[in-house]
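**Q** Numbering (the numbering used here), first residue to last: 7 to 176.
My structure is below; once you've seen it, I'll send some questions.
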Amino acid sequence: MKYLLKSFVALVILMSVSNFVSAQKFGHLNSADLLSQLPDWKSAEKSLETFSKQKESQLATMQQEYAGKVEKLQVDIQSGIITKVEEQTRTEELYGMQQRMQEFSVKAQQEVIQKEQALTEPIINKIKTSIESVASEGGFTYIFDTSTGVLLYFPPGDDVTALVKSKLGM
Numbered sequence: 007m008k009y010l011l012k013s014f015v016a017l018v019i020l021m022s023v024s025n026f027v028s029a030q031k032f033g034h035l036n037s038a039d040l041l042s043q044l045p046d047w048k049s050a051e052k053s054l055e056t057f058s059k060q061k062e063s064q065l066a067t068m069q070q071e072y073a074g075k076v077e078k079l080q081v082d083i084q085s086g087i088i089t090k091v092e093e094q095t096r097t098e099e100l101y102g103m104q105q106r107m108q109e110f111s112v113k114a115q116q117e118v119i120q121k122e123q124a125l126t127e128p129i130i131n132k133i134k135t136s137i138e139s140v141a142s143e144g145g146f147t148y149i150f151d152t153s154t155g156v157l158l159y160f161p162p163g164d165d166v167t168a169l170v171k172s173k174l175g176m
């Protein structure tokens with residue numbers, strides 16, 4: 007009798023869990039594939055590439071100018087047609103050019119990152135909105151990205167962070 011009761015309780019629990027899990031609807035998408043086919047994304051990539059190449063070209067021009075001045079200074083020093091004062095002045099100018107190139111490089115990297123964010127943020131927001139609509143219309147509880155393994159959509163009530171913090175005494 008005891009065995010029968012335990013079996014019955016186990017069966018009820020199993021059925022409850024089974025019903026709970028079957029009530030969940032999971033979906034997935036491949037964001038890499040999606041982005042590669044999205045015309046807006048392709049356009050943003052081209053625009054960013056053009057912008058990045060412009061910055062690289064500007065830096066290359068600065069580097070060529072710097073290299074030319076270094077070479078000219080070395081030739082003038084070797085030929086002895088330059089005074090020590092002029093050599094020091096030109097060396098300080100070269101040092102200043104180096105500093106400007108480094109500053110330009112850092113600023114250009116920041117500008118490229120800002121440009122990327124400005125170009126991609128509206129596209130990403132559009133995709134998020136579409137994912138949320140699909141989840142809502144299709145009754146999906148969770149949507150995963152198969153290309154990254156990231157959870158893209160989930161119901162807001164499933165966040166158990168506060169409960170875990172409580173268990174940890176935080």
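We put the beta carbon where it would ideally sit given N, CA and C, even for glycine.
Just so you know, these numbers come straight off a predicted model, no measurement behind them.
1. Would you mind reading off the limits of the beta strand (DSSP E) that contains I149?
2. Answer with buried or exposed for A50, where buried requires no fewer than 16 other C-beta atoms within 10 angstroms of its C-beta.
3. Terminal residues of the continuous alpha helix (DSSP H) containing G5?
4. I think Y148 touches F32, with their Cβ atoms under 8 Å apart; what is that distance to the nearest whole Å?
5. Under three-state DSSP, which class holds V156?
6. Answer yes if the stretch 136–154 comes into contact with the stretch 64–72, meaning at least three C-beta pairs across the two stretches below 8 Å, and no otherwise.
7. Which whole-angstrom value describes the C-beta separation of F100 and V76, a residue pair presumed to lie in contact below a C-beta threshold of 8 Å?
8. Determine, using beta-carbon pairs with one atom in the stretch 30–44 and one in the stretch 143–163, whether at least three such pairs fall under 8 Å.
**A** Judging by the given coordinates:
1. Walking along the sequence shown from the start, residue 149 turns up at place 143. Here the beta strand (DSSP E) through I149 covers 148–151.
2. Reading the sequence shown from its first residue, position 44 is the one you call residue 50. Its Cβ being crowded by 16 or more others within 10 Å, A50 is buried.
3. Given a span of 7 to 176 for the chain in the structure shown, any question on residue 5 remains unanswerable.
4. Within the sequence shown, residue 148 is the residue found at index 142, counting from 1. Within the sequence shown, residue 32 is the residue found at index 26, counting from 1. Right, their Cβ atoms sit about 5 Å apart.
5. As a working mapping, residue 156 is identified with position 150 in the sequence shown. Here V156 sits in strand by DSSP.
6. Proximity of the stretch 64–72 to the stretch 136–154 falls short of the contact definition, fewer than three beta-carbon pairs being nearer than 8 Å.
7. Looking up residue 100 in the sequence shown gives position 94. Looking up residue 76 in the sequence shown gives position 70. Reading off the sequence, residue 100 comes out as Leu, not Phe. The C-beta distance from L100 to V76 rounds to 6 Å, short enough to meet the 8 Å contact threshold.
8. By the Cβ test, the stretch 30–44 is in contact with the stretch 143–163, since at least three Cβ pairs between them sit closer than 8 Å.
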